[in-house]
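Undergrad: All letters in the sequence shown, in the order written, are residues 17 to 441 by our numbering. Dropping the structure in here first, questions after.
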Amino acid sequence: MSSGGLELPPGDSSHEGGPADAPGGVPGGAPTGIPAGTVSLAGGPAEAGSAGAGAELDWGAEAWSEVRTRAQRAGRAYIWLNLIEQRLRSVVGAVLRPIYEPVHGGDDWVVAAAGPAGQEWVQRAVAVREVSRRKGYLLDSADDNVLSFLTLPQLRELMVQHWPCFEPYFDDRREIELALDELEVTRNVVSRNRALSRPVLEQAERASARLLEVLGGGSGSPAADRLPIDAVEDLVGDRYADVVSVHPDRVRLQRNLPAEDLFGGARRLDAIGIGLNLLVQNFSGRRLVRLTEAGCRVRLLFLNPASSAVKRRERELGLRKGELSRSVEMNILHVRRVRAGLRDPSRFEIHVFDETPRFTAYLVEGQASGIAVVQSYLRRARGMESPVLVLRGGGRGVPKDADHGVFATYREEFESMWEDSRPVS
């Protein structure tokens, strides 16, 4: 699986509509001497004179890479689909059980709710449950009911058939159905182990997050959490401390996390770097004023444009003498004008430091959680071209151990640099 729809190494092309006169002398592409239907896992038959004969069963590095990519994307999609199915099962049970169970009792209420239109698939679910009971596949007694054996399309059908029962709880039936339509493509691909492209996976993730929000399974308004915790991070987040994502450069960062999403709604903003271009050049002065007047505390720490460290950095990047220092001066003048327009300038502090710059970091904390964008300075690369780490700070729904987090490390480093810096008048 890959974003370009990469396939496993080809087998009998007649199964996938291959040409009937393919090389090898056998219709469908099977080489001479190999029975029709033989699947080649990595390339064609052994070359003449080699020790092996027949189909080549080994996979090369490229084939293994494609298979791992397919498994990773299918696994991520499966987690979202599993969440949606469990949430929808819970919603259907909570709404329809009190209506049908008092009359029909036991698991018969599901059969009654399905009605004549769903008689076939609900009876099939009953049969699958009985087989699972006999073979010991039911590992949790909570799953020993017919509702647990209904699939996502069947749960959707129950919801659509009984929409007047669900209408008091959900505003927009059309939104739910559209999201489930988008998920059906992904579900079909994953259930049959087909190649899942990256655009389809991203569409499924967006639809899942929206559907969980509509069904009441989300963590609140999307605007409240600028960097929402997704299903995969909940499962594997501890393996990567509090690193949420890594981007090869700042351009790709801003494509996925625009400045408005990063800084908007912040209650505390601390930034350290040479010129702080991510903030100064991508977040307007008027927006900074409104942010501060709304209660955000801002501390900005620039490299002193008159320091020897700026001159060394100019030589590293091959810039003309004074070019970088003038850029930093312009950024400092800009934020000074922002500070001058505030009713309470004490909430907007500007400092400079004279040490060798080692990294740039934007530490943004909101009411519920915090995030940070961190870049190391490379000798021959500008900040726009350097790799970016996005970190999640503490807050609601983040069960991370603070002792193993990276966010706290950069927070401590900022505070240390701030103590040794000088204010800008």
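We put the beta carbon where it would ideally sit given N, CA and C, even for glycine. Everything numeric in this text was worked out from a predicted model, so none of it was measured.
Could you pull out every residue in the same chain whose Cβ sits closer than 8 angstroms to the Cβ of valine 326, ignoring the five residues on either side in sequence?
TA: For valine 326, where only same-chain residues beyond five positions count, the Cβ hits under 8 angstroms are Ile290, Leu319, Asn320, Leu340, Ser341 and Val344.
Undergrad: Using a 10 Å radius around the Cβ and a threshold of 16 neighbouring Cβ atoms, would you call tyrosine 378 buried or exposed?
TA: Label assigned to tyrosine 378: buried.
Undergrad: Which of the three DSSP states is assigned to histidine 178 in this structure?
TA: Looking at histidine 178 - three-state DSSP - the assignment turns out to be coil, as it is neither helix nor strand.
Undergrad: The beta strand (DSSP E) spanning threonine 376 covers which residue range?
TA: Start and end: 375-381.
Undergrad: I'd like to check one pair, valine 440 with valine 368: are the Cβ atoms closer than 9 angstroms?
TA: Yes, these two residues count as a Cβ contact at 9 angstroms.
Undergrad: Decide yes or no for the touch test of the stretch 185-201 against the stretch 166-174: beta carbon pairs closer than 8 angstroms, at least 3 of them.
TA: As far as the Cβ criterion goes, the stretch 185-201 touches the stretch 166-174, which means the pair count is three or higher.
Undergrad: Measure the C-alpha to C-alpha separation of glycine 421 and aspartate 258 and round it to an integer number of angstroms.
TA: Approximately 5 angstroms between the Cα atoms of the pair.
Undergrad: Following the continuous beta strand (DSSP E) through arginine 10, name the residue where it begins and the one where it ends.
TA: Residue 10 lies beyond the range of the chain shown here (17 to 441); nothing can be said about it.
Undergrad: Counting only runs that start and end within the stretch 381-405, where is the alpha helix (DSSP H) found for 4 or more residues in a row?
TA: Correct list: empty.
Undergrad: Output the distance between the C-alpha atoms of serine 437 and alanine 223, rounded to the nearest integer angstrom.
TA: Going from the Cα of serine 437 to the Cα of alanine 223 covers about 47 angstroms.
Undergrad: Just to confirm the assignment, what range does the alpha helix (DSSP H) spanning alanine 225 have?
TA: That run of the alpha helix (DSSP H) goes 214-230.
Undergrad: To the nearest angstrom, report how far apart glutamate 82 and aspartate 265 are at their CA atoms.
TA: So the two alpha carbons sit approximately 25 angstroms from each other.
Undergrad: What residue does the alpha helix (DSSP H) around alanine 14 start on, and which one ends it?
TA: Residue 14 is absent from the model: the chain starts at 17 and stops at 441.
Undergrad: Assuming isoleucine 288 is part of the beta strand (DSSP E), what are its boundary residues?
TA: Unbroken beta strand (DSSP E) run through isoleucine 288: 284-289.
Undergrad: Considering only residues of the same chain and omitting the five flanking positions on each side of serine 323, which have a CB-CB separation below 7 angstroms?
TA: Asp370, listed in sequence order.
Undergrad: Bridge partners of arginine 408, per DSSP?
TA: Its beta-bridge partners are Ile387.
Undergrad: With H, G and I counted as helix, E and B as strand and the rest as coil, what does DSSP make of alanine 208?
TA: The question names alanine, but residue 208 is arginine in the sequence shown. Three-state result, arginine 208: coil.
Undergrad: Thinking valine 404 and glutamine 391 are a contact (beta carbons under 8 angstroms), I'd like their distance in whole angstroms, please.
TA: Going by Cβ atoms, the distance from valine 404 to glutamine 391 rounds to 5 angstroms, so yes, they are a contact pair.
Undergrad: Closer than 7 angstroms by C-beta to glutamate 330: which residues in its own chain qualify, once you throw out the five before and the five after it? Chain order, please.
TA: Around glutamate 330: Lys337, Glu339 and Leu340.
Undergrad: Quick one: residues in its chain with C-beta nearer than 8 angstroms to the C-beta of proline 114, no 5 flanking neighbours on either side, listed in chain order?
TA: If we look at proline 114 and ignore the five residues flanking it on each side, it has no Cβ neighbours.
Undergrad: Looking at the strands, I want to know which residues DSSP matches up with proline 439.
TA: Answer is His367, bridged to proline 439.
Undergrad: Measure the alpha-carbon distance for leucine 273 versus leucine 228 and round it to whole angstroms.
TA: Cα to Cα, leucine 273 sits roughly 21 angstroms from leucine 228.
Undergrad: Can you tell me the Cβ-Cβ gap for leucine 231 and valine 389, rounded? I've got them flagged as a contact below 8 angstroms.
TA: With 8 angstroms as the limit, leucine 231 and valine 389 do not qualify as a contact, their Cβ atoms being about 32 angstroms apart.
Undergrad: If we count the other Cβ atoms within 10 Å of its Cβ and call it buried at 16 or more, is leucine 304 buried or exposed?
TA: The residue in question, leucine 304, is buried, as its Cβ has 16 or more Cβ neighbours within 10 Å.
Undergrad: Reducing DSSP to helix, strand and coil, say where phenylalanine 279 ends up.
TA: The answer is helix: DSSP assigns phenylalanine 279 an H, G or I state.
Undergrad: Within the same chain, show all residues whose beta-carbon is closer than 7 angstroms to that of arginine 315, passing over the 5 residues directly before and after it, in chain order.
TA: These residues qualify, in order along the chain: Asp286, Glu365 and Trp434.
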